[in-house]
Amino acid sequence: MLSQIDFKKDLKKQLFIGGSISLLLVGILIFLFFQLNSLAKEIASLEEEISRNQQMFANFSILKIQKKQVLPIQEKIFKMLPSKDEVLAIVGSIGDWAREFGLKQSFAFGSEHEDKETGLNSIGFNLTLNGSLDSFSGFLRKLESAPQFIQISSVEIIRAESGYQINSSGKIYKK
Numbered sequence: 057m058l059s060q061i062d063f064k065k066d067l068k069k070q071l072f073i074g075g076s077i078s079l080l081l082v083g084i085l086i087f088l089f090f091q092l093n094s095l096a097k098e099i100a101s102l103e104e105e106i107s108r109n110q111q112m113f114a115n116f117s118i119l120k121i122q123k124k125q126v127l128p129i130q131e132k133i134f135k136m137l138p139s140k141d142e143v144l145a146i147v148g149s150i151g152d153w154a155r156e157f158g159l160k161q162s163f164a165f166g167s168e169h170e171d172k173e174t175g176l177n178s179i180g181f182n183l184t185l186n187g188s189l190d191s192f193s194g195f196l197r198k199l200e201s202a203p204q205f206i207q208i209s210s211v212e213i214i215r216a217e218s219g220y221q222i223n224s225s226g227k228i229y230k231k
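Taking our numbering, the leading residue of the sequence shown gets 57, the next gets one more, and so forth.
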C-alpha cells in the first residue's frame with residue numbers, strides 16, 4: 057500500500073500536472089477567443105462589403121435599364137438643339153422679336169459651358185432691351201414660345217428717361 061507520504065506526493069504531482077494542463081487549456085481558450093473575435097469582425101466586415109457590392113450591382117442594373125429608356129429621349133432632345141452655327145440665327149430672331157414689340161436691343165454672347173450632369177452645352181448671353189414694360193412682357197411671351205431652348209437666369213429692370221432698360225442674362229442650349 058501506498059504510504060501517506062507517497063499518496064501526498066502523487067496527489068501533488070497530479071494536481072500540478074492537472075493545474076498546468078488546466079492553465080494551458082484556459083490560455084488556449086483565451087487565445088482562440090481573441091483570434092475568433094477578430095476573425096468574426098473580419099467576416100462581418102466582408103459581409104457588409106458584399107452587401108454594399110450587391111446593392112451597387114442592383115443599382116447598376118437599374119441604371120442600365122433606365123439608360124436604355126432615356127437614350128431615345130436624349131437623342132430627340134439633341135436633334136432639337138441648334139448647332140453652334142444655328143445659334144446665330146437665334147440671335148437674328150431675338151432681334152426681329154425685339155423690333156416687333158418696338159424694343160431697342162443689344163445682344164452679346166458670353167462663354168460656352170458644358171453641364172457635366174446633363175451633357176448639354178450652352179452659350180451664355182447678355183441682352184439689353186429699351187422700351188416699355190408692356191413691350192417687354194410681349195417679347196418675353198414670344199421668347200418663351202420659341203422652339204429653341206433659351207433660359208433667362210436674371211433680369212434687371214431700370215427706369216430710364218424714355219421708358220425702361222431691361223438687362224438680362226441667360227443661356228442658349230446647343231449641340
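For glycine and all other residues, C-beta sits at the position ideal for the given N, C-alpha and C.
Note that the structure is a prediction, hence the values are computed from the model and not measured.
Item	Value
Return the chain-ordered list of same chain residues with a C-beta closer than 6 Å to the C-beta of isoleucine 208, the five sequence neighbours on each side being excluded.	Ser224, Gly226
Would glutamine 161 and glycine 175 qualify as a contact pair, given that the criterion is a beta-carbon distance under 8 Å?	no
Can you pull the DSSP bridge partners for alanine 240?	The question about residue 240 has no answer, for the chain in this structure spans 57 to 231.
In this structure, how does DSSP classify glutamate 105 when only helix, strand and coil are distinguished?	helix
Bridge partners of lysine 230, per DSSP?	Asn177
Is it true that the CB of phenylalanine 157 sits closer than 8 Å to the CB of glycine 180?	no
DSSP on glycine 166, reduced to helix/strand/coil?	strand
Taking buried to mean at least 16 other C-beta atoms within 10 Å of its own C-beta, is leucine 159 buried or exposed?	buried
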